[in-house]
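The sequence shown begins at 1 in full-length UniProt numbering and counts up one residue at a time.
From the three backbone atoms N, C-alpha and C, an ideal C-beta is built for every residue, glycine too.
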Amino acid sequence: MAKPDSALSTARRRHVQWETMLVVVLAVSLAAGRVLSPMFLSSANLSNMLADFTEIALIALPMTLVIVAAEIDLSVASVLGASSALMGVLWHMGLPMPLVIALVLAFGTLAGLLNGLVIVRFGLPSLAVTIGTLALFRGLAYVLLGDQAIADFPASYTAFGIETIAGTFLPMPFVLVIAGAIVFTVLLQATPFGRSLYAIGANPTAAQFSGIDVAKTKLRLFMMAGAMAALAGVVYTLRFTSARGDNGEGFELSVIAAVLFGGVSIFGGRGSMIGVLLSLVIIGVLRNALTLADVSSETLTIVTGALLLSSVLIPNLVARWRAAREKRLMAQLP
């Protein structure tokens with residue numbers, strides 16, 4: 001039987017191999033984008049590209065932690081939409097914008113708490129629970145706003161959503177992504193909390209016996225996911241200067257595709273934030289390049305689905321190939 005240190009080094013080596021592959025894919029994607037459009041590497045387009053996947057990145061950061069712990073949250077895009085609708089309603093009621101944003105973030109946190117409580121208290125699978133709350137929160141968004149939109153937000157706040165940092169092509173909301181990437185990378189890769197997530201994802205029963213409070217940890221994860229989805233809703237609303245009930249529809253597919261394509265195992269216990277960050281950039285580059293090439297939104301959805309499928313299929317095929325090779329080697333031993 002392999003020693004624990006040997007198994008750990010093997011896992012790290014596989015992470016490095018997957019991340020190296022992602023770097024190659026990113027380089028190819030950048031080259032393809034340059035071929036598809038001479039405007040691809042312009043400052044204006046790079047700024048648009050980064051802004052376009054800001055909300056997806058904000059949601060993918062905590063989703064990485066959720067999936068490492070062998071859970072999933074399909075309600076995040078609906079929380080974004082409900083947060084956007086709530087933001088519009090509260091602003092129309094005359095509340096000051098700082099209070100509106102604080103209440104929206106509180107709503108997202110409570111939405112995540114609801115998911116977590118149902119999952120850990122009743123022992124239900126997160127897939128089933130968050131499919132239900134996906135519909136619940138999206139329905140709430142339409143109850144709040146119906147088919148109307150609210151667009152009279154103060155210019156001082158919408159400027160944050162659409163302007164760039166002086167002298168650069170970096171959109172201002174992308175600062176939140178950079179800060180979030182640092183925080184969640186440290187949290188996952190360099191803290192006892194992050195190590196507990198890997199333990200829970202690998203074997204929740206063993207993690208419980210080792211002293212980890214599995215239920216409380218999962219509650220925190222879903223609350224993080226809800227809060228970040230609400231933050232993404234605020235950014236989305238300010239960036240498009242419009243609060244709508246259908247904001248963010250379908251984002252959950254792109255978020256999960258980014259996390260899984262980044263090398264995080266759908267079964268939990270494996271993955272790194274570096275791979276997810278590379279994956280996010282790749283998906284952003286591909287979407288932008290294909291949009292510049294006048295590719296339809298339906299085709300973009302197909303590409304996202306293909307990435308999602310490949311991120312699950314390729315590791316499975318590689319694991320089977322390695323198992324078959326080890327079996328052959330064992331059979332050759334005297």
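Simplified DSSP state of residue i, which is helix, strand or coil
i	result
residue 60	helix
residue 32	helix
residue 306	helix
residue 315	helix
residue 173	coil
residue 243	strand
residue 290	helix
residue 271	coil
residue 266	coil
residue 200	helix
residue 248	coil
residue 51	helix
residue 72	coil
residue 40	coil
residue 191	coil
residue 283	helix
residue 254	helix
residue 227	helix
residue 210	coil
residue 2	For residue 2, the pLDDT reaches just 45, beneath the cut-off of 50, and the residue's location in the model is therefore unreliable, leaving the point undetermined.
residue 215	helix
Rounded separation between residue i and residue j - CA only
i	j	result
residue 283	residue 205	35 Å
residue 180	residue 231	11 Å
residue 155	residue 226	27 Å
residue 327	residue 317	15 Å
residue 85	residue 51	21 Å
residue 251	residue 257	10 Å
residue 87	residue 120	29 Å
residue 341	residue 95	Summary: the structure shown does not reach residue 341, with the chain confined to residues 1 through 334, and so no result is reported for it.
residue 143	residue 178	34 Å
residue 301	residue 35	22 Å
residue 7	residue 78	Reliability fails at residue 7, whose pLDDT of 48 lies under 50, so the model's placement of it is uncertain and the value that follows must be treated cautiously. If you take the alpha carbons of residue 7 and residue 78, they lie about 39 Å apart.
residue 22	residue 331	34 Å
residue 2	residue 31	For residue 2, the pLDDT reaches just 45, beneath the cut-off of 50, and the residue's location in the model is therefore unreliable, leaving the point undetermined.
residue 4	residue 59	Residue placement at residue 4 is poorly supported in this model, since its pLDDT is 46, which falls under 50; the coordinates still yield a value, given next. One C-alpha to the other measures close to 33 Å.
residue 168	residue 41	14 Å
residue 324	residue 254	33 Å
residue 321	residue 195	29 Å
residue 192	residue 186	10 Å
residue 176	residue 217	24 Å
residue 288	residue 270	29 Å
residue 57	residue 97	24 Å
residue 190	residue 259	19 Å
residue 136	residue 236	20 Å
residue 106	residue 100	10 Å
residue 129	residue 61	21 Å
residue 152	residue 53	24 Å
residue 108	residue 234	11 Å
residue 46	residue 162	14 Å
residue 27	residue 19	12 Å
residue 299	residue 305	10 Å
residue 199	residue 212	9 Å
residue 24	residue 208	39 Å
residue 249	residue 203	33 Å
Whole-Å CB distance - residue i paired with residue j, under 8 Å assumed
i	j	result
residue 68	residue 170	At roughly 28 Å, the Cβ-Cβ gap does not stay under 8 Å, so residue 68 and residue 170 are not in contact.
residue 39	residue 286	The Cβ separation is near 16 Å, so there is no contact.
residue 66	residue 221	5 Å
residue 132	residue 245	Their Cβ separation, rounded to whole angstroms, is 18 Å, which puts residue 132 and residue 245 out of contact at 8 Å.
residue 140	residue 82	5 Å
residue 90	residue 80	Residue 90 to residue 80, Cβ: 16 Å. No contact.
residue 337	residue 164	With the chain covering only 1 through 334, there is no way to say anything about residue 337.
residue 261	residue 311	4 Å
residue 184	residue 173	Contact flag wrong, Cβ pair sits at about 17 Å.
Proximity test, residue i beta-carbon vs the ligand ADP heavy atom, cut-off 7 Å
i	result
residue 144	The ligand ADP is not part of this structure, which contains no ligands at all.
- Task: Let me know the beta strand (DSSP E) ranges lying completely inside the region 85-163, each 3 residues or longer, listed in chain order.
- Result: Segments of the beta strand (DSSP E) lying fully in the region 85-163: there are none.
Q) Counting pairs of beta carbons, one from the region 259-266 and one from the region 113-123, are three or more of them closer than 8 Å? A) no
message = I want to know whether the region 72-84 touches the region 271-283 - three or more CB-CB distances under 8 Å.
response = The answer is no - the region 271-283 does not touch the region 72-84, with fewer than three Cβ pairs under 8 Å.
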